[in-house]
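Below you'll find the structure, written out as structure tokens, and then a few comments.
Protein chains: 2
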Amino acid sequence: MSFELTKSLLERLQDDVEEGRDSDILSVVSELHPADIGGVLDRLSPDEARYVLRLLEPETAAEAILELDEDVREKLLEGLTSQEIAEKVIENIESDDAALVMSELPEDKAKEVLDLLEDAEQADDIEELLGYEDGTAGAIMGKELVKVRSDWTVARAILEMRRQAEEVDQVYTVYVVDKDERLLGILPLKQLLFSAESTRTLIKHICDEDVVSVKVDDDAEDVVSTMKKYDVVVLPVVTEDGRLTGRITFDDVMDVMEEEAEKDYQMASGISGSVDSDDKVLRLTRARLPWLLIGLVGGILVANVISLYEEQLRIDPKLAFFIPLIAAMGGNVGVQSSAIIVQGLANRTIATGGIVARLMKELSVALLNALVCGALILVYNLTIGSAQPLSFTVSIALFTVIIFAALFGTLTPLLLDRVKVDPALATGPFITTLNDIFGLIVYFVVGRLLYGMPW
Amino acid sequence: MSFELTKSLLERLQDDVEEGRDSDILSVVSELHPADIGGVLDRLSPDEARYVLRLLEPETAAEAILELDEDVREKLLEGLTSQEIAEKVIENIESDDAALVMSELPEDKAKEVLDLLEDAEQADDIEELLGYEDGTAGAIMGKELVKVRSDWTVARAILEMRRQAEEVDQVYTVYVVDKDERLLGILPLKQLLFSAESTRTLIKHICDEDVVSVKVDDDAEDVVSTMKKYDVVVLPVVTEDGRLTGRITFDDVMDVMEEEAEKDYQMASGISGSVDSDDKVLRLTRARLPWLLIGLVGGILVANVISLYEEQLRIDPKLAFFIPLIAAMGGNVGVQSSAIIVQGLANRTIATGGIVARLMKELSVALLNALVCGALILVYNLTIGSAQPLSFTVSIALFTVIIFAALFGTLTPLLLDRVKVDPALATGPFITTLNDIFGLIVYFVVGRLLYGMPW
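Protein chains in written order, with this note's numbering: chain E, 234 to 688; chain Y, 234 to 688.
Have a look at this one:
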């Protein structure tokens, strides 16, 4: 069932391409699922891939192209004419995929391709989809769907469905609309298939009005949570005034989920933009350097804070030993606390309101963690014979830092969310640096007190 | 379409429950989608929730229960008798959901419920599902499916499908099996619906043999990637010898995806186990303390490393100012590098082999970052008039640390993956601590050299 591309098979294929042994190539490739052909094309050079593509049925070739990584696809399409892209690719895929591919083409080439499309309706659909803002339901929906009018009879509906279904890859749901195209409900396929309705029954009498839909301008993340909540394979998309205009399928939603998860994960790891390990060096650097620069500025700030206490370090250089411990623990606790909140916000498990309750709970967790960590480090220091002022300074500062970092880590993402900034920002170097600064101030101030110096 | 539970509505509902105004309760609740009823139950006390549930149709009640958070559901089921759980809940939901609910019950209660089920076949199905290991395809699949034999005629198949479909909620795909139940292909519903096949045609002649399946023992993560790759709504599950035994639907896969993403995200944030912001204080502490203790031990190790250089700190206490900078930058770079690898491994965008190529690329990115950061901090130090040995020590150490942390951050998850340990482990406090230690050793050793001390 699942296909594994071996090195020897790849080499044989490359030889076949070089020698132009078309039937040998087809004997390997035509057996495969388009998704697997995509995997093969990924490993070939753009020229080799184009050679193989030109041998394939247009439908298969188009689907295989959709499976490619964005940058591989871009390179491959560069070498195809607008005519080829229109006829071999765009005309054979669904509108949402077509809009995606078009958005990757240079602007003038995209316009050329659009003009070359034979089906004017398809061209309109693609143009419409390209017009929606990124991250909205409109931008991820497709236009292909099967719909019937509520005032039709079952007989007429079946005729119309048969006609419409020719243009739709997979039919999961049939929508029922009124004469103004407003979404009224769905027509349960199961019923149509398995129960013998009279062909003269009106659709409105068997229509299931219990249908969940989203609006074109809705956030893609809301689409994900709606689909998850209601467990539907396809979500109809309606305009502001309720007219049915498209549908979003589960695979689009899976893509959005994956992107969201990656974005949050990368944000937490201090990487901006959506990069993956196959991207180019410069792109990877651009995604990472900004966060490092924030860290660098933070480090300079921290250095300035410590410099205020140079005198103290002169008196007891041992104070320097625990600087990384205090800083790291503040950072760790802060990241933990903010991560839990960021995730809760993403999952909507954090009910509206209740910031105070949330802070109190975080405070309890922090108190437990702070007591355990503070006590352990005290035992350690006393055991190895550290001086009393140092030992107590470390423990008291650690205790304070853990509590502060937890509260700060909880509050920051909640506040960012309130002011409509992505709360995941809070989990990056940002919160770590602030915790470092606060933690070290506490550390040295406590130190001054315990060492009997004026602060 | 989408329902928002207001505070006043909730209070009215709670009043209605207290006063026993059943028809008022039903007038609110019976209009809602089961997923929304679940949202309402979540906000009621277990007693109130049970009161509302007993008023609902069993099918609706059962579906609403499935929408609850695990711990809310557990509390709610505690107050129901085994008889009620069997009749009102388990008998009205699909086998995979039933197995999930059963796995949350205390063992003897689960056994009682199983014995009380009227449908022996359902009981067998649930027992089978409970037997699969967590994280396998078997553990997330359901048993409900519609299948026809390849040697049946279309007429017989339609009759049988009608019978089977009664027990299945949603029919997306009809499977074709041979007489030994081995999966042969799928029966395209669209064709059956919309084209007029002769009722005497044999199923094998219209069966589409291009079907992707997974094995019961396959990893749930492989199921996710198979479904994503082939864009199918339902994946059939077969036994080792190819017999069709269940199916996995897109909503199960969405759950797995979400859990995976959460696990990775939490691992990167230093939280173990799957917790969410609504969990109890002790559970949250248990998930977080271990990571903090690792951080604590790391901090103590770092303190010991720095103590080796106490002499140097005595000579120039200013060296202490940049300790957090060196440590933090090592940590930041290490986390970035490992996060990219962890994600690449999870997405399978990292091709097999090629560790050397991967390291070379990471090295290039690191070199760029290290040059920029090292130069900037040098300019800063010289500008504010730091002494030359200190300025150069900081820059050289920072440069070295960034390179090392990048290589180490890349290598660790790749090696963990090779030895079958979850590579996400590498992104936690683990890698940060090791980078701290290495970074500070470099810092002080470079310092000794530049200050003209023997190292």
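Glycine included, each C-beta is placed from N, C-alpha and C at the ideal position.
Helix, strand or coil at residue i according to DSSP, with G and I counted as helix
| i | result |
| --- | --- |
| E:ARG480 | strand |
| E:TYR498 | helix |
| E:GLY375 | strand |
| E:LEU313 | coil |
| Y:LYS551 | helix |
| E:LYS380 | strand |
| Y:LEU238 | coil |
| E:ASP474 | coil |
| E:ASP452 | strand |
| Y:LEU338 | coil |
| E:LEU246 | helix |
| E:THR369 | strand |
| E:LEU435 | strand |
| E:LEU658 | helix |
| Y:ASN668 | helix |
| E:GLY563 | helix |
| Y:MET686 | coil |
| E:GLU393 | helix |
| Y:ASP464 | coil |
| Y:GLN403 | coil |
Continuous alpha helix (DSSP H) stretch holding residue i: start and end
| i | result |
| --- | --- |
| E:PRO469 | E:PRO469 -> not in any alpha helix (DSSP H); beta strand (DSSP E) instead, spanning 467-471. |
| Y:GLY253 | Run containing Y:GLY253: none; DSSP gives neither H nor E here. |
| E:ARG287 | 279-288 |
| Y:GLU324 | Note, Y:GLU324: premise wrong, no alpha helix (DSSP H); not H, not E. |
| E:LEU648 | 621-651 |
| Y:TRP385 | Careful: Y:TRP385 lies outside any alpha helix (DSSP H) and carries neither H nor E. |
| Y:CYS606 | 588-616 |
| E:GLY690 | An answer regarding residue 690 of chain E cannot be provided, because it is not within the stretch 234 to 688 covered by chain E. |
| E:GLY271 | 267-276 |
| Y:GLU361 | 353-364 |
Nearest-angstrom Cα separation, counted from residue j out to residue i
| i | j | result |
| --- | --- | --- |
| Y:THR470 | Y:VAL381 | Sequence check: residue 470 of chain Y is Val here, not Thr. The straight-line gap from Cα to Cα measures roughly 16 angstroms. |
| E:GLU366 | Y:LEU238 | 29 angstroms |
| Y:GLN247 | E:VAL465 | 31 angstroms |
| Y:THR459 | Y:GLY312 | 41 angstroms |
| Y:GLY672 | E:ARG516 | 26 angstroms |
| E:ALA319 | E:LEU347 | 7 angstroms |
| Y:VAL447 | Y:LYS461 | 13 angstroms |
| Y:ASP455 | E:VAL285 | 28 angstroms |
| Y:ALA620 | Y:ILE629 | 14 angstroms |
| Y:ALA657 | E:GLU296 | 33 angstroms |
| Y:LEU578 | E:GLU492 | 15 angstroms |
| Y:VAL305 | Y:ASP341 | 20 angstroms |
| E:THR585 | Y:VAL262 | In this predicted model, E:THR585 has a pLDDT of only 48, less than 50, meaning its place in the structure is not dependable; the value taken from the coordinates is given anyway. If you take the alpha carbons of E:THR585 and Y:VAL262, they lie about 21 angstroms apart. |
| E:TYR676 | E:GLY528 | 21 angstroms |
| Y:GLN499 | Y:ALA599 | 26 angstroms |
| Y:MET335 | Y:ARG254 | 32 angstroms |
| E:VAL627 | E:SER540 | 18 angstroms |
| E:VAL486 | E:ARG476 | 22 angstroms |
| E:VAL410 | E:VAL273 | 43 angstroms |
| E:THR314 | E:ARG276 | 22 angstroms |
| E:ILE258 | E:LEU333 | 29 angstroms |
Element boundaries [beta strand (DSSP E), containing residue i]
| i | result |
| --- | --- |
| Y:LEU420 | 416-420 |
| Y:VAL445 | No beta strand (DSSP E) contains Y:VAL445, which DSSP labels as neither H nor E. |
| E:VAL410 | 407-410 |
Cβ-based burial, residue i [other Cβ within 10 Å; buried from 16]
| i | result |
| --- | --- |
| E:ILE617 | exposed |
| E:THR432 | exposed |
| E:MET593 | exposed |
| Y:GLU473 | exposed |
| E:GLN576 | buried |
| Y:ARG287 | exposed |
| E:LEU242 | exposed |
| Y:ASP329 | buried |
* Asked: Is it true that the region 553-572 of chain Y meets the region 533-544 of chain E, where meeting means three or more beta-carbon pairs spaced less than 8 angstroms apart?
  -> yes
* Using 8 angstroms as the threshold, is the region 452-471 of chain Y in touch with the region 350-363 of chain Y, meaning 3 or more CB pairs across them? -> no
* To do: Tell me, please, whether the region 541-549 of chain Y touches the region 560-574 of chain E by the rule of three or more beta-carbon pairs shorter than 8 angstroms.
  => no
* How about the region 603-617 of chain Y and the region 631-639 of chain Y: do they share at least three Cβ pairs that are nearer than 8 angstroms? -> yes
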